[in-house]
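Numbering (the working numbering), first residue to last: 780 to 1085. Note sheet for the following structure.
Laid out in structure tokens, this is it:
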């Protein structure tokens, strides 16, 4: 582990197995880079950069958008800071910019922990542990979050890897996503319902990304014989960067990055975000976890290069 407390991403935690190598950051417990044989699976960012477009971040205690930053639990309304002013939402939880503590680090595995104490907008007491491990199959990520407080906590979790096009024109790449329904949204990208995938939004077979602009959630996910659901980005040379999630999560968010704030980052890859719930779950209750005192919630996902 290298230590540079002045770098925006904090200390760097490096793990490796064979030709698989990844770097995890202290800030946000984010995957800053993951490559196989030197070829990036995820779009990397620099040690001295602030993670662009939530690149590689752990998103908790909610993923995606929360309308007006407000929600009500057991008759009490809470307000968290608005982090997306143009849409009036609180985006991607409270953990992205926190310094996590490294509690285990061996050659091919690292575990980081965050104690998220009660705050005025989220008065619940959580401890989250994320473990990153590498083996011949690729990268595996496991998160266990425990409610160490006295009150039942609303909770969701997601992750924000950007699959890398490895310098290729994204228009020449294809995308495949294992899901049968798309979440419809309003002008603030907040959910209004679901519909069967059709046309541009039907990614059950590889679709060329020329002219395709996505920032959409998918549900009714399809799974292989191992119970995994996949998103696959295939470059013109046939190499495929892929993310999977197991049965602990059932929602995908996919984004081609056409409108992210960092112009240089646009369409350099595709965000393939496994999530335990859709946007605005704190208000709608859709797929929301109510984490009882002393209870834990666990999810697993991973990535590879084929």
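Yeah, the Cβ is synthetic: ideal placement off N, Cα and C, and Gly gets one too.
Boundaries of the alpha helix (DSSP H) in which residue i is found, first to last residue
i: residue 1060; result: 1060 to 1063
Bounding residues of the beta strand (DSSP E) (the contiguous stretch that carries residue i)
i: residue 1057; result: No beta strand (DSSP E) holds residue 1057; DSSP gives it neither H nor E.
i: residue 806; result: From DSSP, residue 806 is part of no beta strand (DSSP E); its letter is neither H nor E.
i: residue 830; result: Element bounds for residue 830: n/a, residue is neither H nor E.
i: residue 932; result: 932 to 934
i: residue 1066; result: No beta strand (DSSP E) contains residue 1066, which DSSP labels as neither H nor E.
i: residue 1081; result: 1075 to 1084
i: residue 953; result: 953 to 956
i: residue 941; result: 941 to 943
i: residue 845; result: 844 to 846
i: residue 792; result: 791 to 796
C-alpha gap between residue i and residue j, whole angstroms
i: residue 945; j: residue 1033; result: 18 Å
i: residue 768; j: residue 818; result: Past the edges of the chain, shown from 780 to 1085, lies residue 768, and the structure says nothing about it.
i: residue 824; j: residue 1077; result: 27 Å
i: residue 1089; j: residue 915; result: The shown model of the chain, from 780 to 1085, leaves out residue 1089, and the question about it has no answer.
i: residue 883; j: residue 891; result: 7 Å
i: residue 809; j: residue 862; result: 19 Å
i: residue 1086; j: residue 795; result: Nothing can be reported for residue 1086, as the shown portion of the chain is limited to 780 through 1085.
i: residue 815; j: residue 1048; result: 16 Å
i: residue 1035; j: residue 949; result: 9 Å
i: residue 996; j: residue 984; result: 17 Å
i: residue 773; j: residue 874; result: Absent from the structure is residue 773, since the part of the chain shown begins at 780 and ends at 1085.
Nearest-angstrom beta carbon gap, residue j and residue i [assumed within contact, 8 Å]
i: residue 913; j: residue 1022; result: 15 Å between Cβ atoms; not a contact.
i: residue 940; j: residue 835; result: 6 Å
i: residue 829; j: residue 787; result: 5 Å
i: residue 803; j: residue 792; result: 4 Å
i: residue 1052; j: residue 937; result: 6 Å
i: residue 1070; j: residue 926; result: 4 Å
i: residue 920; j: residue 911; result: 6 Å
Subject >> Unbroken stretches of the beta strand (DSSP E), 3 residues or longer, contained in the stretch 965 to 1050 >> reply: 970 to 975, 994 to 1000, 1008 to 1013, 1019 to 1024, 1030 to 1034
Original post:
Within the chosen definition, does the stretch 967 to 977 reach the stretch 1010 to 1027 through at least 3 CB pairs nearer than 8 Å?
Top reply: no
Original post:
Is it true that the stretch 886 to 893 meets the stretch 849 to 869, where meeting means three or more beta-carbon pairs spaced less than 8 Å apart?
Top reply: no
Subject >> Length-filtered (4 minimum) alpha helix (DSSP H) runs lying within the stretch 851 to 923 >> reply: none
Original post:
Counting Cβ pairs, one atom from each stretch, are 3 or more of them under 8 Å apart for the stretch 995 to 1013 and the stretch 950 to 968?
Top reply: Contact annotation: the stretch 995 to 1013 touches the stretch 950 to 968, with at least three C-beta pairs closer than 8 Å.
Original post:
Below 8 Å, can you find three or more Cβ-Cβ pairs linking the stretch 860 to 879 to the stretch 989 to 1005?
Top reply: With a cut-off of 8 Å, the stretch 989 to 1005 and the stretch 860 to 879 do not count as touching, because too few Cβ pairs lie within range.
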